[in-house]
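Engineer: Encoded as C-alpha coordinates, here's the structure I'll be asking about.
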Amino acid sequence: MSRYLLFDLDGTLTESGEGIIRSVQYALEKMGKPETDVQKLRSFIGPPLIPQFMSFSGMTREEAGQAVQFYRERYSTTGVFENRPYPGIPEMLQTLTDRGYVLSVASSKPEHYVRQILEHFGLTPFFHEIVGATMDEKRTEKADVIEEALKRLGLSDQRDRAIMVGDKEHDVLGAQKAGIPCVAVTYGYGSEKELGQVSPWRLVSSVAELGEYLLSLN
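121 is the number that the numbering used here gives to position 79 of the sequence shown; each next residue is one higher, with no gaps.
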(Lines of atoms letter the chains of each structure in order from A; the text may use other names.)
(Lines give C-alpha, C1' and ligand atoms only; values in the text may rest on other atoms or scores of the structure.)
Protein backbone atom coordinates (compact mmCIF):
# COMPACT_ATOMS: atom_id res chain seq x y z
CA MET A 43 0.00 0.00 0.00
CA SER A 44 1.17 3.52 -0.75
CA ARG A 45 2.30 5.59 2.19
CA TYR A 46 0.75 9.03 2.46
CA LEU A 47 3.02 11.47 4.28
CA LEU A 48 1.72 14.69 5.83
CA PHE A 49 4.46 17.21 6.58
CA ASP A 50 4.32 20.13 8.95
CA LEU A 51 5.95 23.26 7.49
CA ASP A 52 7.61 25.41 10.18
CA GLY A 53 10.49 23.56 11.80
CA THR A 54 10.00 20.46 9.65
CA LEU A 55 10.42 21.52 6.02
CA THR A 56 11.59 25.10 6.53
CA GLU A 57 13.55 27.08 9.09
CA SER A 58 11.01 29.86 9.57
CA GLY A 59 11.78 31.16 13.06
CA GLU A 60 13.28 34.50 12.07
CA GLY A 61 10.23 35.76 10.20
CA ILE A 62 7.76 34.51 12.79
CA ILE A 63 9.63 35.92 15.79
CA ARG A 64 10.24 39.32 14.19
CA SER A 65 6.58 39.55 13.26
CA VAL A 66 5.53 38.59 16.80
CA GLN A 67 7.84 41.30 18.15
CA TYR A 68 6.22 43.79 15.78
CA ALA A 69 2.75 42.77 17.00
CA LEU A 70 3.71 42.94 20.68
CA GLU A 71 5.24 46.38 20.17
CA LYS A 72 2.01 47.56 18.52
CA MET A 73 0.03 46.15 21.47
CA GLY A 74 2.20 48.00 23.98
CA LYS A 75 3.85 44.81 25.23
CA PRO A 76 7.37 44.88 23.72
CA GLU A 77 9.61 41.83 24.08
CA THR A 78 13.29 41.70 23.09
CA ASP A 79 14.16 38.22 24.41
CA VAL A 80 14.02 36.08 21.27
CA GLN A 81 14.25 32.81 23.20
CA LYS A 82 11.00 33.59 25.01
CA LEU A 83 9.24 33.97 21.67
CA ARG A 84 10.21 30.57 20.23
CA SER A 85 6.94 29.14 21.57
CA PHE A 86 5.13 31.10 18.82
CA ILE A 87 6.72 28.97 16.09
CA GLY A 88 4.22 26.37 14.96
CA PRO A 89 1.08 26.55 17.14
CA PRO A 90 -2.01 28.70 16.43
CA LEU A 91 -1.26 32.34 17.24
CA ILE A 92 -4.33 33.48 19.20
CA PRO A 93 -3.81 31.01 22.10
CA GLN A 94 -0.09 31.85 22.09
CA PHE A 95 -0.67 35.60 22.41
CA MET A 96 -3.23 34.95 25.16
CA SER A 97 -0.95 32.71 27.23
CA PHE A 98 2.24 34.69 26.60
CA SER A 99 0.95 38.18 27.37
CA GLY A 100 -2.28 37.61 29.26
CA MET A 101 -4.32 39.08 26.42
CA THR A 102 -8.05 38.57 26.05
CA ARG A 103 -9.19 36.71 22.94
CA GLU A 104 -10.22 40.02 21.39
CA GLU A 105 -6.80 41.55 22.12
CA ALA A 106 -5.06 38.45 20.77
CA GLY A 107 -7.11 38.74 17.60
CA GLN A 108 -5.87 42.30 17.17
CA ALA A 109 -2.30 41.13 17.81
CA VAL A 110 -2.69 38.53 15.05
CA GLN A 111 -3.78 41.27 12.66
CA PHE A 112 -0.66 43.27 13.52
CA TYR A 113 1.43 40.10 13.11
CA ARG A 114 0.03 39.51 9.64
CA GLU A 115 0.65 43.16 8.74
CA ARG A 116 4.40 42.50 8.87
CA TYR A 117 4.48 38.78 8.11
CA SER A 118 2.54 39.03 4.85
CA THR A 119 5.05 41.43 3.29
CA THR A 120 8.38 40.59 4.96
CA GLY A 121 8.29 37.77 7.50
CA VAL A 122 6.99 35.15 5.09
CA PHE A 123 10.29 35.35 3.19
CA GLU A 124 12.56 35.36 6.28
CA ASN A 125 12.60 31.63 5.86
CA ARG A 126 14.57 28.83 4.16
CA PRO A 127 14.24 25.08 3.55
CA TYR A 128 16.41 22.94 5.79
CA PRO A 129 19.43 21.56 3.91
CA GLY A 130 18.54 18.26 2.27
CA ILE A 131 14.77 18.79 2.26
CA PRO A 132 14.31 19.23 -1.53
CA GLU A 133 16.43 16.15 -2.20
CA MET A 134 14.52 14.10 0.37
CA LEU A 135 11.17 15.13 -1.11
CA GLN A 136 12.39 14.19 -4.59
CA THR A 137 13.54 10.77 -3.43
CA LEU A 138 10.29 10.06 -1.60
CA THR A 139 8.30 11.10 -4.67
CA ASP A 140 10.43 8.89 -6.91
CA ARG A 141 9.76 5.97 -4.57
CA GLY A 142 6.00 6.39 -4.89
CA TYR A 143 5.09 8.18 -1.69
CA VAL A 144 2.21 10.66 -1.84
CA LEU A 145 3.32 13.84 -0.08
CA SER A 146 1.12 16.58 1.39
CA VAL A 147 1.51 19.48 3.80
CA ALA A 148 -0.61 19.92 6.95
CA SER A 149 0.31 23.14 8.74
CA SER A 150 -1.26 25.34 11.43
CA LYS A 151 -0.06 28.35 9.41
CA PRO A 152 -2.76 29.98 7.25
CA GLU A 153 -2.99 28.06 3.99
CA HIS A 154 -2.39 31.20 1.93
CA TYR A 155 1.06 31.64 3.51
CA VAL A 156 1.88 27.94 3.26
CA ARG A 157 1.26 27.99 -0.48
CA GLN A 158 3.20 31.25 -0.87
CA ILE A 159 6.24 29.82 0.93
CA LEU A 160 6.25 26.51 -0.94
CA GLU A 161 5.91 28.32 -4.27
CA HIS A 162 8.72 30.74 -3.36
CA PHE A 163 11.13 27.87 -2.71
CA GLY A 164 10.00 25.74 -5.66
CA LEU A 165 8.60 22.98 -3.44
CA THR A 166 4.95 23.09 -4.56
CA PRO A 167 5.25 20.35 -7.24
CA PHE A 168 6.18 17.76 -4.61
CA PHE A 169 2.84 17.99 -2.81
CA HIS A 170 -0.46 16.39 -3.73
CA GLU A 171 -2.41 18.47 -1.19
CA ILE A 172 -1.43 21.63 0.70
CA VAL A 173 -3.57 22.23 3.77
CA GLY A 174 -3.29 24.99 6.34
CA ALA A 175 -5.34 26.99 8.78
CA THR A 176 -8.11 29.31 7.66
CA MET A 177 -7.64 33.07 8.00
CA ASP A 178 -10.90 33.34 9.97
CA GLU A 179 -9.50 31.09 12.73
CA LYS A 180 -12.18 28.43 12.16
CA ARG A 181 -9.56 25.80 11.32
CA THR A 182 -6.41 26.32 13.38
CA GLU A 183 -6.03 23.26 15.64
CA LYS A 184 -3.60 20.68 14.30
CA ALA A 185 -6.08 17.81 14.50
CA ASP A 186 -8.56 19.80 12.39
CA VAL A 187 -5.89 20.57 9.79
CA ILE A 188 -4.94 16.89 9.63
CA GLU A 189 -8.60 15.87 9.30
CA GLU A 190 -9.00 18.28 6.38
CA ALA A 191 -5.89 16.85 4.72
CA LEU A 192 -7.19 13.29 5.12
CA LYS A 193 -10.55 14.37 3.70
CA ARG A 194 -8.96 15.96 0.62
CA LEU A 195 -6.82 12.86 0.10
CA GLY A 196 -9.85 10.57 0.38
CA LEU A 197 -8.37 8.88 3.44
CA SER A 198 -10.98 9.67 6.10
CA ASP A 199 -11.81 5.96 6.25
CA GLN A 200 -8.28 4.75 5.40
CA ARG A 201 -6.21 6.80 7.83
CA ASP A 202 -3.97 3.83 8.61
CA ARG A 203 -2.24 4.67 5.30
CA ALA A 204 -1.13 8.11 6.53
CA ILE A 205 1.76 9.34 8.69
CA MET A 206 2.31 12.84 10.09
CA VAL A 207 5.79 14.38 10.31
CA GLY A 208 6.27 17.36 12.64
CA ASP A 209 8.56 19.06 15.11
CA LYS A 210 6.35 20.26 17.97
CA GLU A 211 4.22 18.75 20.71
CA HIS A 212 1.03 19.96 19.03
CA ASP A 213 1.95 18.05 15.84
CA VAL A 214 2.17 14.79 17.78
CA LEU A 215 -0.96 15.42 19.83
CA GLY A 216 -2.90 16.52 16.75
CA ALA A 217 -1.91 13.36 14.90
CA GLN A 218 -2.87 11.20 17.86
CA LYS A 219 -6.28 12.90 18.06
CA ALA A 220 -6.75 12.28 14.33
CA GLY A 221 -5.80 8.64 14.78
CA ILE A 222 -2.56 8.58 12.79
CA PRO A 223 1.08 8.09 13.89
CA CYS A 224 3.54 10.97 14.01
CA VAL A 225 7.26 10.92 13.31
CA ALA A 226 8.78 13.79 15.31
CA VAL A 227 11.95 15.61 14.27
CA THR A 228 14.28 17.19 16.82
CA TYR A 229 16.15 19.42 14.34
CA GLY A 230 13.24 21.90 14.38
CA TYR A 231 11.77 23.99 17.19
CA GLY A 232 10.62 21.30 19.62
CA SER A 233 13.11 19.82 22.07
CA GLU A 234 13.70 16.09 22.42
CA LYS A 235 12.37 16.34 25.99
CA GLU A 236 9.15 18.09 24.90
CA LEU A 237 8.54 15.59 22.12
CA GLY A 238 9.43 12.55 24.20
CA GLN A 239 6.77 13.44 26.75
CA VAL A 240 3.96 13.03 24.19
CA SER A 241 5.13 9.66 22.83
CA PRO A 242 5.61 10.13 19.08
CA TRP A 243 5.78 7.04 16.91
CA ARG A 244 9.44 7.76 16.21
CA LEU A 245 12.00 10.48 17.02
CA VAL A 246 14.61 11.45 14.41
CA SER A 247 17.37 14.02 14.77
CA SER A 248 18.25 15.04 11.19
CA VAL A 249 16.82 15.39 7.70
CA ALA A 250 19.03 12.51 6.57
CA GLU A 251 17.72 10.24 9.33
CA LEU A 252 14.14 11.27 8.55
CA GLY A 253 14.52 10.39 4.88
CA GLU A 254 16.11 7.03 5.66
CA TYR A 255 13.37 6.12 8.11
CA LEU A 256 10.49 7.13 5.84
CA LEU A 257 12.00 5.22 2.92
CA SER A 258 12.20 2.11 5.09
CA LEU A 259 8.42 2.09 5.59
CA ASN A 260 7.39 1.22 2.05
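Backbone N, C-alpha and C define an ideal beta-carbon position, used for all residues, glycine too.
Computed from a predicted structure; not experimentally measured.
Using DSSP's beta-bridge definition, name the partner residues of Ala191.
Structural biologist: Paired residues: none, contrary to the question.
Engineer: Considering only C-alpha positions, which residue in the set Thr139, Val147, Leu160 and Asp178 is nearest to Leu91?
Structural biologist: The candidate whose alpha carbon is nearest that of Leu91 is Asp178.
Engineer: Classify Thr54 as buried or exposed, calling it buried when 16 or more other Cβ atoms lie within 10 Å of its own Cβ.
Structural biologist: Classification of Thr54: buried, given that the 10 Å Cβ count is 16 or more.
Engineer: Where do the ends of the beta strand (DSSP E) carrying Ile172 lie?
Structural biologist: That run of the beta strand (DSSP E) goes Glu171 to Ala175.
Engineer: With Leu192 and Arg201 assumed to form a contact (beta carbons below 8 Å), what rounded beta-carbon distance in angstroms separates them?
Structural biologist: Confirmed, about 6 Å.
Engineer: Can you list, in chain order, the stretches of the beta strand (DSSP E) that have 3 or more residues and sit fully within the segment 213-238?
Structural biologist: The segment 213-238 contains these whole beta strand (DSSP E) runs: 224-227.
Engineer: According to DSSP, is Phe163 helix, strand or coil?
Structural biologist: Coil.
Engineer: So, for Tyr143: in the same chain, excluding its five sequence neighbours on each side, which residues have a beta-carbon less than 6 Å away from its beta-carbon?
Structural biologist: Only Arg45 and Leu47 meet the Cβ criterion.
Engineer: Let's see if you can read the secondary structure: which residues bound the beta strand (DSSP E) around Pro152?
Structural biologist: Pro152 -> beta strand (DSSP E) spans Val144 to Pro152.
Engineer: Do Val173 and Glu190 have their C-beta atoms within less than 7 Å of each other?
Structural biologist: Their beta carbons are under 7 Å apart, which means Val173 touches Glu190 by this criterion.
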